[in-house]
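Enquirer:
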Amino acid sequence: MKTKLFSALATMVAPTAMTVGSVSADAVAPQTSKADFSVVAKDPTNPTDPENGTLVLKSVPSFSFGTIEASEIYAGFTGKVAKTAGALEIADIRLGKSDWSLTADMAQFTDDANKLTGAILNLDSTGSLGETLTGAVKDDSPAVEVVKGNGKHGVDNFKMEAATLTLAANPAADLAKDESFTTTINWNLSSTTPTAPTA
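If you count by mature numbering (1 follows the signal peptide of the UniProt record, and there is no 0), then the sequence shown holds residues -25 to -1, 1 to 174, one letter each, in order.
#1: Classify Glu64 as buried or exposed, calling it buried when 16 or more other Cβ atoms lie within 10 Å of its own Cβ.
#2: What would DSSP say about Ala45, mapped onto helix, strand or coil?
#3: Tell me which residue opens and which closes the beta strand (DSSP E) that Met81 is part of.
#4: Around the C-beta of Glu136, are 16 or more other C-beta atoms found within 10 angstroms, so that it is buried, or is it exposed?
#5: When you compare only the Cα positions, how much space is there between Thr159 and Pro146?
#6: Name the DSSP beta bridge partners of Phe40, please?
#7: Cα separation between Val121 and Asn89?
#8: Closest to Gly71 by C-alpha separation, out of Ala148, Ser165 and Lys127, would be which residue?
#9: Within 10 angstroms of its Cβ, does Pro117 collect 16 or more other Cβ (buried), or is it exposed?
#10: Under the three-state reduction of DSSP, which class applies to Ala147: helix, strand or coil?
#11: Do Leu96 and Leu140 count as a contact pair if the criterion is CB distance below 9 Å?
#12: Considering only residues of the same chain and omitting the five flanking positions on each side of Val56, which have a CB-CB separation below 7 Å?
#13: Count the other CB atoms, across all protein chains shown, that sit within 10 Å of the CB of Asp131; report buried if there are 16 or more and exposed otherwise.
#14: Considering only C-alpha positions, which residue in the set Ser46, Thr59 and Gly129 is nearest to Gly105?
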């Protein structure tokens, strides 16, 4: 059996804000996650604890990349470190094997008039149960696996302070002060075994 849990939404501002989105699943309440940053225009909610026998994507983090100058969007930048609120949390309280996989994909950042290209969200973390979460989530590209279960059961917490953002050069962007760009990040948690006990 395979279940999917999704998170949505990410925004950017020009002076730009970025917001990273919500999470939902079969019979799981939606969650919202945000990421943002501001651009200086110069230069040309956790669900309740899961019941025994379930696999749940409990929460996703919010990222803020601070203030970014318009010139950096025109020329591109690498390694903008995120200020992160919250953590990515997966609970696997099922019997049997723990064989889940988490993937992520991201759309392009857009506002009313622009589409920015070449955004990459770089993730790097170690879960409280020992899994390694790592991956480069590229905009407008297929989903990538960022972490998979190591066979242990319980609540797995991933702190995301090491997340960074890279953006390719966008010289044709038409930027204005306090402009805001938005994208969506989808988190997909799946497993080949049942995600909840049968009745």
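Every residue gets a Cβ at the ideal spot worked out from N, C-alpha and C, and that includes glycine. Keep in mind it's a predicted model, so treat the numbers as computed, not measured.
Expert: Working from what's here:
#1: buried
#2: In the structure shown, Ala45 sits in a helix (DSSP, three-state: H, G or I).
#3: Ser76 to Met81
#4: By the 10 Å Cβ count, Glu136 comes out exposed.
#5: 23 Å
#6: DSSP, once it has assigned bridges, lists no residue as partnering Phe40.
#7: 29 Å
#8: Lys127
#9: exposed
#10: coil
#11: yes
#12: Thr139
#13: buried
#14: Gly129
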